[in-house]
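Inspection log for the structure reproduced underneath, given as structure tokens.
Take a look at the structure:
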């Protein structure tokens, strides 16, 4: 297991990044009322986490350009929908 | 070292290194089509949520305040960790550590079961007033989105456990590797959907 973790430290780093962002999210939302700028930050951080999961865990970075563009388009579209929803 | 060739596959010979050569693609076109169709379906749900919220934002904010964000956050950590296990399982299988790969898939499935248990506990806390839930459009969207996601989790757990068993019983081949990669990709999609659903329903105002 240790050997595997060493050989694929990139995955562990990705996991630490998304877990770290989630911890930031927890701190940002500790207050009972979440002001609009914090909401935007929360949604953008979620989009960043999705990008990391797609690239590192799903190995989308190794897929043909078409799939990468389609996934990026989905992420941009959903982020736009949510940002407009909470504006 | 190269991934198994078709000849090696026929002979049942395993000849892989710890890393895939550059140019290797995880999963199949089929799984990516499925993933994008599923993600598009959820994008439509997010749009529907936005439209419904636009009709009465105060009601949506008030109702969202009553959700148990702490439980949702725990589930976010659980699924992220589960996704990490699944990604490591694929790498372990590629490196010919079959037993370790199977254990990691089981660990990912275990996290999925923890997610399901926490979610059921949360549902029980939320459905204390059936009438209030039934008349509230926020809860309609909440149960549709989290319910469909919950279904995806259950399917994912079954797939992960089935694939872990298959790893232990079947010979190691290129097509088997594709199946395990596709299962992991599906599980990562379940994870990323919760990454978006959680802040949308629980946190954003």
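Protein chains in written order, with the working numbering: chain P, 10 to 96; chain F, 80 to 284.
Even for Gly, the Cβ is constructed at its ideal location relative to N, Cα and C.
Original post:
Can you name, in chain order, every residue of its own chain whose Cβ lies under 8 angstroms from the Cβ of residue 51 of chain P, other than the five neighbours on each side?
Top reply: 34, 37, 38 and 43
Subject >> Minimum C-alpha distance to residue 264 of chain F - residue among F:277, F:252, F:242 and F:282 >> reply: Nearest option by C-alpha distance: F:242.
Subject >> Extent of the continuous alpha helix (DSSP H) to which residue 93 of chain P belongs >> reply: 74 to 94
Subject >> Which listed residue (F:140, F:118 and F:108) has its alpha carbon closest to that of residue 48 of chain P >> reply: F:140
Subject >> Beta carbon proximity, residue 278 of chain F to chain P, threshold 8 angstroms >> reply: yes
**OP:** Go to residue 117 of chain F, then tell me how far its alpha helix (DSSP H) extends in each direction, as first and last residue.
**Re:** Segment 108 to 134, the alpha helix (DSSP H) holding residue 117 of chain F.
Subject >> Through-space distance from residue 133 of chain F to residue 273 of chain F, alpha-carbon basis >> reply: 22 angstroms
**OP:** Return no unless some Cβ of chain P is closer than 8 angstroms to the Cβ of residue 151 of chain F.
**Re:** no
**OP:** Look at the Cβ atom of residue 94 of chain P, then the Cβ atom of residue 128 of chain F, and state whether they are nearer than 8 angstroms.
**Re:** yes
Original post:
Could you give the distance in angstroms between the alpha-carbon of residue 82 of chain P and the alpha-carbon of residue 60 of chain P?
Top reply: 11 angstroms
**OP:** Determine, using beta carbons only, whether residue 125 of chain F comes closer than 8 angstroms to chain P.
**Re:** yes
Subject >> DSSP three-state assignment for residue 53 of chain P, whether helix, strand or coil >> reply: helix
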